[in-house]
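Worksheet: the structure to be examined is printed underneath.
Numbering (the numbering used here), first residue to last: 5 to 284.
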């Protein structure tokens with residue numbers, strides 16, 4: 005059974021950066037019925053994808069891409085996108101530095117390449133993790149160099165090895181930027197927010213309900229993403245501290261964490277010290 009297509013006219017989309025975030029987003033957009041141009045500068049990774057191979061393990065990703073392969077075109081850079089591309093998603097990695105900063109080198113390079121096009125796409129969506137103030141800097145640069153284009157920030161909240169579930173069945177969509185454009189971006193993903201997208205390669209999580217959409221400013225979207233990462237890291241660190249205390253006191257951490265997680269103010273997620281989820 006194929007994935008269910010989008011009932012409205014498809015919108016030409018493009019994704020820059022084909023790590024777990026970008027490639028799972030590529031699969032989603034193609035499953036929604038949109039033609040997707042996927043840019044990856046690494047020739048080895050691009051060759052793997054062209055050969056139908058995944059450069060990393062992500063459950064459900066390979067099967068979904070195999071079903072929508074006619075919708076996806078893999079290219080080296082954004083200069084290879086067609087002129088009618090409407091939506092461009094920047095999913096370039098922004099790793100942390102030893103000093104705790106965010107390295108925007110790769111994202112800046114992808115940004116410069118995109119804005120060097122003869123025609124800058126009308127909608128640019130940042131998906132990479134950003135430090136506070138970066139989205140506003142990109143917005144100011146875009147306003148100066150391509151006044152008609154709009155910048156949005158839709159941060160991702162994915163876990164390693166659960167990226168496909170997080171993209172197809174998200175907890176929420178946070179979209180920062182102008183209200184009208186944010187509404188258009190939400191409409192692009194309407195089957196996700198309404199829970200009507202059907203795919204045989206992924207199982208809907210138990211208890212999942214359609215994702216609410218929160219339309220906010222660029223600054224608020226940045227802070228929501230950073231605060232989420234910080235809070236989850238804090239919760240994991242707390243679980244580690246309690247685990248050490250349990251070991252010292254002769255208690256079972258699994259029992260203690262289960263009791264903690266039953267409190268609705270706390271919740272059970274990320275209270276297992278054995279789990280080390282990779283946060284985007």
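Glycine included, every Cβ here is placed at the ideal spot set by N, Cα and C.
Asked	Found
Extent of the continuous alpha helix (DSSP H) run through residue 35	24 to 35
Residue range of the beta strand (DSSP E) that includes residue 152	That residue, residue 152, is in no beta strand (DSSP E); it is neither H nor E in DSSP.
Euclidean distance between Cα positions of residue 5 and residue 259	The pLDDT assigned to residue 5 is 40, lower than 50, so where the model puts this residue is not dependable, and the model offers no usable value.
Sheet register partners of residue 17 (DSSP bridge)	40 and 91
Proximity winner among 80, 161, 154 and 215, relative to residue 54 (alpha-carbon distances)	80
C-beta contact flag for residue 135 and residue 90 at 8 Å	no
Reference residue 176, options 199, 106 and 185, closest by Cα	199
Three-state secondary structure assigned by DSSP to residue 128	strand
Residue 74 burial status per 10 Å Cβ neighbour count (16 or more: buried)	exposed
Whole-angstrom distance between residue 71 and residue 103, CA atom to CA atom	43 Å
Spatially closest choice to residue 44 from 188, 94 and 86, by CA coordinates	94
Distance between residue 263 and residue 253 (C-alpha atoms, nearest Å)	17 Å
At least 3 beta-carbon pairs within less than 8 Å: the segment 194 to 209 vs the segment 153 to 173	yes
Beta-ladder partner(s) of residue 77, from DSSP	41
Among 220, 225, 233 and 256, the one whose alpha carbon lies nearest that of residue 163	233
Rounded distance between the beta-carbons of residue 160 and residue 131, thought under 8 Å	5 Å
Given residue 97 as reference, the closest of 109, 105, 87 and 69 once Cα atoms are compared	109
Closest Cα partner of residue 192 within the set 217, 49 and 139	217
Whole runs of the beta strand (DSSP E) within the segment 173 to 234, excluding any shorter than 3 residues	177 to 180 and 217 to 220
Buried or exposed (CB count within 10 angstroms, at least 16 for buried), residue 38	buried
Own chain residues within Cβ distance below 8 Å of residue 185, not counting five before or after	127, 154 and 156
Inter-residue Cα distance where the pair is residue 17 and residue 212	27 Å
Same chain only: Cβ atoms within 8 Å of residue 87, ignoring 5 sequence neighbours per side	122 and 123
Distance, residue 274 Cα to residue 236 Cα	7 Å
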